[in-house]
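Student:
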Amino acid sequence: IAKSEPPTVEEYEKFFGDTLATAEKIIHISMAKDASQGYARACKAAQGFGHVTVVNSGHLSNGMGILVLHAVQLVLDGMTDVDEIVADLKRYRKRISTSFIVAHSDNLYRGGRMNKTVYQLTELLNVHPVLVMKKNGIHAGDLLMSDVEKAYIRYIRKKLKGKKNIDTRRLFIVHA
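Take 20 as the starting number for the sequence shown in the working numbering and just add one per residue.
1. Between the stretch 143-153 and the stretch 92-102, do at least 3 Cβ pairs fall closer than 8 Å?
2. Hey, how far is the Cα of D100 from the Cα of A51?
3. Can we say the stretch 108-120 touches the stretch 57-64, given the rule of at least three CB pairs closer than 8 Å?
4. So H162 is in the beta strand (DSSP E); what residue range does that whole segment cover?
5. Evaluate L179 with the Cβ neighbour count: other Cβ atoms within 10 Å of its Cβ, from every protein chain shown; 16 or more gives buried, anything less gives exposed.
6. Using CA coordinates, which residue listed in G84, D186, K135, V71 is at the minimum distance from A42?
7. How big is the Cα-Cα spacing for F68 and S23?
8. CB-CB under 7 Å to Y111, same chain, minus the five flanking residues each way: which ones, in chain order?
9. Within its chain, find whatever has a CB closer than 6 Å to the CB of N126; leave out the 5 residues flanking it on each side and keep chain order.
10. Among K33, E32, A54, K154, which has the Cα closest to the Cα of R132?
11. Quick one: what does DSSP say K180 is sitting in, helix, strand or coil?
12. Closer than 6 Å by C-beta to K44: which residues in its own chain qualify, once you throw out the five before and the five after it? Chain order, please.
13. Let me make sure I understand the geometry here. Which of T27, K154, L162, I115 has the alpha-carbon closest to that of V137?
14. If you draw a straight line from the C-alpha of A40 to the C-alpha of F34, how long is it?
15. List the DSSP bridge partners of H47.
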């Protein structure tokens, strides 16, 4: 089982200190606070600095990346006030959708995110869970029944339904 670990408080402190040698202010955008210890550690490290603001993205890596790109665009457009940028980011993060389809439930089971009975049922019935980020955590969103390829197609069609509301300037589709 692969596991990821956010930087330690000390590593964040070094990063913030090194970055402040060339920057006046830092806005650090973190992974969803309930998905990782990164947000808490970054906040603790930021306490020792006057010009570091930590923002909870409310998302995992892809959603967090979209929020970072939006922040960069705000600065390129001339926004310099940290409080204004942070307020805009908090509004914008609600427009980001982070979800993923699980091809095989064994990873969720081995990682302790699914009990044995549910795991066995998903495998027996060829069910593929869809997980979504809501309120800073990962939650069950949908169940798609079929072979993996058909489930992927159904998932993508559902996500792109009503595409007139989708900002296609920033769209990440990742396969891992």
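Don't be surprised by glycine CBs; every beta carbon is placed ideally from N, CA and C.
Tutor: Reading from the atomic positions:
1. No contact exists between the stretch 143-153 and the stretch 92-102.
2. Each residue's Cα considered, the two are about 23 Å apart.
3. No: fewer than three Cβ pairs fall under 8 Å.
4. For the record, residue 162 in the displayed sequence is Leu; it is not His. 156-164 is the extent of the beta strand (DSSP E) around L162.
5. Residue burial is scored here from C-beta neighbours: L179 has fewer than 16 other C-beta atoms within 10 angstroms and is therefore classed as exposed.
6. Nearest C-alpha to A42 among G84, D186, K135, V71: V71.
7. Per the coordinates, the alpha-carbon of F68 lies some 26 Å from the alpha-carbon of S23.
8. Taken in chain order, the residues that qualify are L86, H89.
9. Hits under 6 Å: none found.
10. Of K33, E32, A54, K154, the residue nearest in Cα terms is A54.
11. K180 falls in the coil class under three-state DSSP.
12. Only H70, V101 meet the Cβ criterion.
13. The candidate whose alpha carbon is nearest that of V137 is L162.
14. Within the model, the alpha-carbon separation for A40 versus F34 is close to 10 Å.
15. Under DSSP, H47 forms a beta bridge with V73.
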